[in-house]
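Colleague: One structure coming up, written as structure tokens, with questions to follow.
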Amino acid sequence: MIINTTQTQIPDFRQTPNVDKVGVEERCARFQTRSLKGDTKIDGLKRVLSMIDLTTLEGKDTPGKVRQLCYKAQHLHDAYPDLPTVAAICVYPTMVAEAKKALGSSGIRVASVATGFSSGQAPLDVKLMDTRFTVENGADEIDMVISRGRFLSGDYQFVFDEIAAIKAACGTARLKVILETGELGSLDQVRRASDIAMYAGADFIKTSTGKIQPAATMQVTYTMLCAIKDFYRKTGIRVGMKPAGGISSAKLALHNLVMVKETLGVEWLTNDWFRFGASSLANDVLMQLVKQQSGNYQSADYFSID
Amino acid sequence: MATDFDVNGGWNYAPSPESTKHIQLKPRYELFIGGAFVPPTANRYFDTINPADESVLTQIAYADETDVDLAVAAARKAYTTVWSGISPKERAKYIYRIARIMQEKARELAIVESLDTGKPIRESRDIDIPLACNYFFYYAGWADKLAYAFPNRTVAPLGVAGQIIPWNFPLLMAAWKIAPALATGNTVVLKPAETTPLTAMLLAEIIQEAQLPAGVVNIITGHGDTGAALVNHPDINKIAFTGSTAVGKLIQQAVAGTSKKLTLELGGKSANIVFEDAAIDQAVEGIINGIFFNQGHVCCAGSRLFVQESVADEVIQKMKDRLASLYVGNPLDKNTDIGAINSKAQYETIQQYIALGKQEGATIYEGPCDLPASGYFIRPTLFTDVAQSSVIAQEEIFGPVLTIQTFRTIDEVIQKANNSPYGLAAGVWTEKGSRIFNLSTQLKAGVIWANTYNKFDPTSPFGGFKESGFGREGGLHGLRGYVELS
Chain A
0 MIINTTQTQI PDFRQTPNVD KVGVEERCAR FQTRSLKGDT KIDGLKRVLS
50 MIDLTTLEGK DTPGKVRQLC YKAQHLHDAY PDLPTVAAIC VYPTMVAEAK
100 KALGSSGIRV ASVATGFSSG QAPLDVKLMD TRFTVENGAD EIDMVISRGR
150 FLSGDYQFVF DEIAAIKAAC GTARLKVILE TGELGSLDQV RRASDIAMYA
200 GADFIKTSTG KIQPAATMQV TYTMLCAIKD FYRKTGIRVG MKPAGGISSA
250 KLALHNLVMV KETLGVEWLT NDWFRFGASS LANDVLMQLV KQQSGNYQSA
300 DYFSID
Chain B
0 MATDFDVNGG WNYAPSPEST KHIQLKPRYE LFIGGAFVPP TANRYFDTIN
50 PADESVLTQI AYADETDVDL AVAAARKAYT TVWSGISPKE RAKYIYRIAR
100 IMQEKARELA IVESLDTGKP IRESRDIDIP LACNYFFYYA GWADKLAYAF
150 PNRTVAPLGV AGQIIPWNFP LLMAAWKIAP ALATGNTVVL KPAETTPLTA
200 MLLAEIIQEA QLPAGVVNII TGHGDTGAAL VNHPDINKIA FTGSTAVGKL
250 IQQAVAGTSK KLTLELGGKS ANIVFEDAAI DQAVEGIING IFFNQGHVCC
300 AGSRLFVQES VADEVIQKMK DRLASLYVGN PLDKNTDIGA INSKAQYETI
350 QQYIALGKQE GATIYEGPCD LPASGYFIRP TLFTDVAQSS VIAQEEIFGP
400 VLTIQTFRTI DEVIQKANNS PYGLAAGVWT EKGSRIFNLS TQLKAGVIWA
450 NTYNKFDPTS PFGGFKESGF GREGGLHGLR GYVELS
């Protein structure tokens with residue numbers, strides 16, 4: 000489901016809306032005071048599970064490790080009936096073929112970090128080759144990184160064109176654009192980078208690679224949600240959001256759902272439009288779900304760690 | 000192009016009402032005079048109502064002139080025999096003690112405040128009660144440092160202060176009044192509003208528990224005539240009043256020609272000004288907080304919105320989006336953003352203004368919020384197509400009703416913002432620092448917030464220009480209203 004394309008009517012990115020950090024912090028604090036318990040909590044936790052991009056992005060990844068991850072994706076916790084599966088698994092390009100094979104017809108998508116992940120310090124040709132290789136290997140989704148150096152030096156045209164070029168190389172794969180907000184320095188810049196990515200054709204905007212701290216803080220995610228909202232009002236095109244890195248507790252994930260619901264509405268509360276990039280979140284969510292059912296917290300050893 | 004955001008439904012929050020099981024309200028509350036709870040001499044009582052469901056919470060003593068006389072006499076006796084003689088450090092000790100007991104009972108106070116006023120528990124728990132405690136803590140600190148507050152001057156208390164407070168922030172207003180008066184060595188007769196006397200009576204119990212010398216603080220409940228008797232009492236040295244401008248004027252007339260000192264904190268119709276370079280999403284949050292905080296029952300509420308024409312459509316659209324995600328309902332539910340209107344009378348007043356706004360030709364937009372079946376609830380309301388000459392843009396509505404006007408230039412908005420008999424507060428939303436400083440000197444308002452609204456702190460003075468009153472409460476300035484300098 001590709002909806003966004005590279006836009007032809009683009010605003011002046013030096014004029015992107017300002018963001019007031021103190022105001023954002025206050026708003027984010029309010030999202031954390033909603034009452035989420037009982038059925039609301041169970042429903043929310045299951046939504047979180049279904050939105051996870053189960054991720055392994057390590058230099059030491061092997062086909063064997065990826066196969067295990069794919070099995071976990073399909074069998075999150077078999078002791079708990081009727082659990083949803085995660086949305087996707089997220090791996091390096093060289094692991095895409097293996098993941099595709101392991102997931103078969105499960106419906107779980109394969110996402111991959113092309114374009115010289117995680118620094119993005121590679122020539123455009125190399126990034127395009129990386130992207131094409133990944134798409135040809137069967138990736139359903141491409142998670143690209145923007146050139147932060149060029150962005151910070153004010154060369155927004157370069158960043159835009161690069162995203163547009165990768166978008167063209169993606170074909171039918173959905174494009175997630177990673178802003179690496181931990182390197183951008185301010186919420187104003189996060190907003191600017193979000194706008195550039197969306198106008199250049201991003202289907203998702205994503206906070207971080209997971210390699211840089213801070214990653215997906217609520218303040219950053221909220222700023223990006225506001226950008227998505229404005230883009231939708233202006234163009235009628237829906238763009239998805241993926242906070243990644245730093246969301247390891249079910250509670251924080253639920254607060255993110257509140258934020259999405261109150262900012263963009265319930266249409267965004269599906270894995271078509273919202274994802275969590277995380278490796279350890281799933282088990283905490285499972286632990287909370289089992290606790291809701293049994294009344295007791297289980298030891299972490301009752302949940303598989305793949 | 001479908002561009003609406005469905006922020007309701009789909010994944011609904013769990014109702015989470017605070018339990019009231021541990022709240023033990025007495026069947027009736029007596030007057031707190033001379034350190035003891037005494038029945039009113041005429042033996043009259045009135046009901047106090049929970050505005051969220053119109054049920055009677057308990058009965059409250061109705062003080063008449065004789066009771067006022069007793070209370071003032073008790074305060075005078077305490078002033079001459081005890082309070083003016085003890086060391087400032089001792090005074091501070093008592094004030095600290097009150098603050099600490101209030102903190103211990105914060106949860107109970109918050110629930111009772113929400114029951115009696117209709118304000119959401121989120122606000123009473125996170126703002127009203129902690130802030131009230133902080134005012135006591137803050138002024139306790141000043142008690143033995145008055146020489147530093149007024150260097151090279153001799154500082155003396157005034158004597159007995161009569162204090163009359165409103166129904167919008169009952170406990171907080173009691174703190175604003177009592178804390179500086181005690182710190183400076185005065186004794187007090189406090190009269191809470193007739194619709195919201197409960198937390199003041201709990202405060203009386205706390206004061207008793209703190210073993211404050213008898214008569215230093217007296218709390219008498221009643222209606223307008225009780226307040227009038229207090230204002231007119233010959234043995235009062237100072238009147239401090241927070242409430243409507245109409246009553247403020249009556250009080251000023253009543254004390255004219257007497258030696259009574261007076262501070263008035265009255266109404267407002269404060270301007271909230273949004274420039275095109277503002278951080279729009281955060282400005283929208285600030286506008287919402289500025290007018291819908293405490294159901295708009297805030298004297299400094301940002302009830303007149305001025306938006307620069309170039310961003311007006313965007314701001315109004317975002318306001319409408321945001322209204323959809325506000326929850327109006329049970330004040331005790333922690334999800335509730337907007338609670339109940341304080342009383343039936345106020346509910347009717349607000350409805351009259353809404354009807355008047357429609358009559359004047361303004362365009363109304365009400366938030367698409369579900370309202371409970373009983374109780375006094377009003378949807379958050381916006382009026383566009385409003386002019387300076389519209390009555391709804393001139394008079395204080397004291398409810399969740401915002402008038403929206405546009406402007407083109409800075410001079411125009413300054414002129415329009417100042418074109419009001421009131422001058423309590425203003426908000427300025429812009430990313431440009433120099434513009435903030437320019438406006439803060441040009442706007443005739445006691446408090447000016449930049450890129451925020453409705454922020455209160457004990458260290459910061461608060462008070463108005465023009466018909467919003469005179470005298471300052473809070474901060475160092477707040478001491479000035481309770482001392483004689485020589």
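Residue numbers (numbering that gives the first Met the number 0), protein chains in the order written: chain A, 0 to 305; chain B, 0 to 485.
All residues carry an ideal CB built from backbone N, CA and C; glycine is no exception.
Within the continuous beta strand (DSSP E) that includes B:Tyr-346, where are the two ends?
Modeller: From DSSP, B:Tyr-346 is part of no beta strand (DSSP E) but of the alpha helix (DSSP H) over 343-358.
Colleague: Mind checking if B:Phe-4 is an interface residue toward chain A, Cβ cutoff 8 Å exclusive?
Modeller: yes
Colleague: Name the DSSP beta bridge partners of A:Gln-218, please?
Modeller: The partner list for A:Gln-218 (beta bridge, DSSP) is empty, contrary to what the question assumes.
Colleague: So, does the stretch 415-422 of chain B touch the stretch 456-471 of chain B, judging by three or more C-beta pairs under 8 Å?
Modeller: yes
Colleague: Report all residues from its chain with a CB closer than 7 Å to the CB of B:Asn-42; omit the five preceding and five following residues, and keep chain order.
Modeller: none
Colleague: Please work out which residues of its chain come closer than 7 Å, Cβ to Cβ, to B:Asn-329, disregarding the five sequence neighbours upstream and downstream, and give them in chain order.
Modeller: If we look at B:Asn-329 and ignore the five residues flanking it on each side, its Cβ neighbours are Pro-16, Ala-51, Thr-335 and Pro-371.
Colleague: Do you know how far the Cα of A:Tyr-296 is from the Cα of A:Gly-264?
Modeller: 32 Å
Colleague: Quick check on the DSSP output: what are the complete beta strand (DSSP E) runs of length 3 or more inside the stretch 25-97 of chain A, in order along the chain?
Modeller: 51-54 and 87-90
Colleague: In whole angstroms, what is the alpha-carbon distance linking B:Asn-167 and B:Ile-413?
Modeller: Looking at the two C-alpha atoms, the distance is approximately 29 Å.
Colleague: Taking B:Ser-324 as the query, report the chain A residues whose CB atoms sit under 7 Å from its CB, ordered along the chain.
Modeller: Glu-261
Colleague: Taking the alpha-carbon positions, what's the B:Ala-1 to A:Phe-12 distance?
Modeller: Because the pLDDT of B:Ala-1 is 43, which lies under 50, any placement of that residue in the model is unreliable, and the question is left without a value.
Colleague: Can a CB atom of chain A be found closer than 8 Å to the CB of B:Met-0?
Modeller: Below a pLDDT of 50, predicted positions are generally treated as unreliable, and B:Met-0, at 39, falls in that range; the measurement from the model is reported next regardless. So, interface residue.
Colleague: Counting Cβ pairs closer than 8 Å, one from the stretch 272-282 of chain A and one from the stretch 20-39 of chain A, do we hit at least three?
Modeller: no
Colleague: The alpha helix (DSSP H) with B:Arg-303 in it runs from where to where?
Modeller: Counting along the chain, B:Arg-303 falls outside any alpha helix (DSSP H), though it belongs to the beta strand (DSSP E) covering 303-307.
Colleague: Which residues in chain A sit within 8 Å of B:Trp-10, going by Cβ to Cβ distance?
Modeller: Thr-39, Asp-42, Gly-43, Arg-46, Leu-256, Lys-260, Val-265 and Leu-268
Colleague: Determine the DSSP secondary structure at A:Thr-180, reduced to helix, strand or coil.
Modeller: helix
Colleague: Starting from the N-terminal side, write out each stretch of the beta strand (DSSP E) that is 3 residues or longer and does not extend beyond the stretch 4-75 of chain B.
Modeller: Annotation note: the stretch 4-75 of chain B contains the following uninterrupted beta strand (DSSP E) runs of length 3 or greater, listed N- to C-terminal: 30-32, 35-37, 44-49 and 54-60.
Colleague: Would you tell me roughly how many angstroms separate the C-alpha atoms of A:Ser-293 and B:Phe-240, rounded to the nearest one?
Modeller: 57 Å
Colleague: Just to confirm, is the Cβ distance from A:Leu-288 to A:Tyr-79 under 8 Å?
Modeller: yes
Colleague: Compare the C-alpha of B:Gln-387 against each of B:Pro-367, B:Glu-411 and B:Gly-473 and name the closest.
Modeller: B:Glu-411
Colleague: Would you mind sorting B:Gln-358 into buried or exposed? The rule is 16 or more other CB atoms within 10 Å of its CB.
Modeller: Around the CB of B:Gln-358, fewer than 16 other CB atoms lie within 10 Å, so the residue is classed as exposed.
Colleague: Given this structure, state the Cα-to-Cα distance separating A:Thr-4 from A:Gly-63, to the nearest angstrom.
Modeller: Here the alpha carbons of A:Gly-63 and A:Thr-4 stand approximately 36 Å from one another.
Colleague: B:Tyr-364 bridges to which residues according to DSSP?
Modeller: In DSSP, B:Tyr-364 forms a bridge with B:Leu-381.
Colleague: For B:Arg-434, return the contacting residues in chain A, with the cut-off set at a CB-CB distance below 7 Å.
Modeller: Within 7 Å Cβ-Cβ: nothing; B:Arg-434 doesn't reach chain A, min ~13 Å.
Colleague: For A:Gln-291, which residues in the same chain have their Cβ closer than 7 Å to its Cβ, ignoring the five residues on either side in sequence?
Modeller: Lys-40 and Ile-41
Colleague: Go ahead and pull the three-state DSSP assignment for B:Ala-131.
Modeller: helix
Colleague: According to the neighbour-count rule (16 or more other Cβ atoms, all chains shown, within 10 Å of its Cβ), is B:Val-6 buried or exposed?
Modeller: buried
Colleague: Taking buried to mean at least 16 other C-beta atoms within 10 Å of its own C-beta, is B:Gly-223 buried or exposed?
Modeller: exposed
Colleague: Since A:Asp-19 meets chain B, which of its residues come closer than 7 Å, beta carbon to beta carbon?
Modeller: Ala-278, Gln-281 and Asn-450
Colleague: Given a threshold of 16 other Cβ atoms within 10 Å of its Cβ, counted over all protein chains shown, does A:Met-0 qualify as buried or as exposed?
Modeller: exposed
Colleague: Considering just the uninterrupted stretch of the beta strand (DSSP E) at B:Trp-428, what are its terminal residues?
Modeller: That run of the beta strand (DSSP E) goes 424-428.
Colleague: Taking DSSP's pairing of strands, which residues face A:Arg-108 in a bridge?
Modeller: A:Ala-87
Colleague: Does the beta-carbon distance from B:Gly-489 to B:Asn-185 come in below 8 Å?
Modeller: Here chain B comprises residues numbered 0 to 485, so residue 489 of chain B is not present and cannot be evaluated.
Colleague: How many whole angstroms separate the CB atoms of A:Gly-307 and A:Ala-72, which I take to be in contact at a CB cut-off of 8 Å?
Modeller: This structure cannot speak to residue 307 of chain A, because chain A is shown only from 0 to 305.
Colleague: Run through chain B and tell me which residues come within less than 7 Å of A:Val-23, C-beta to C-beta.
Modeller: What A:Val-23 touches in chain B: Gln-281.
Colleague: Distance check for B:Pro-457 and B:Ile-435, CA to CA, integer angstroms please.
Modeller: 23 Å
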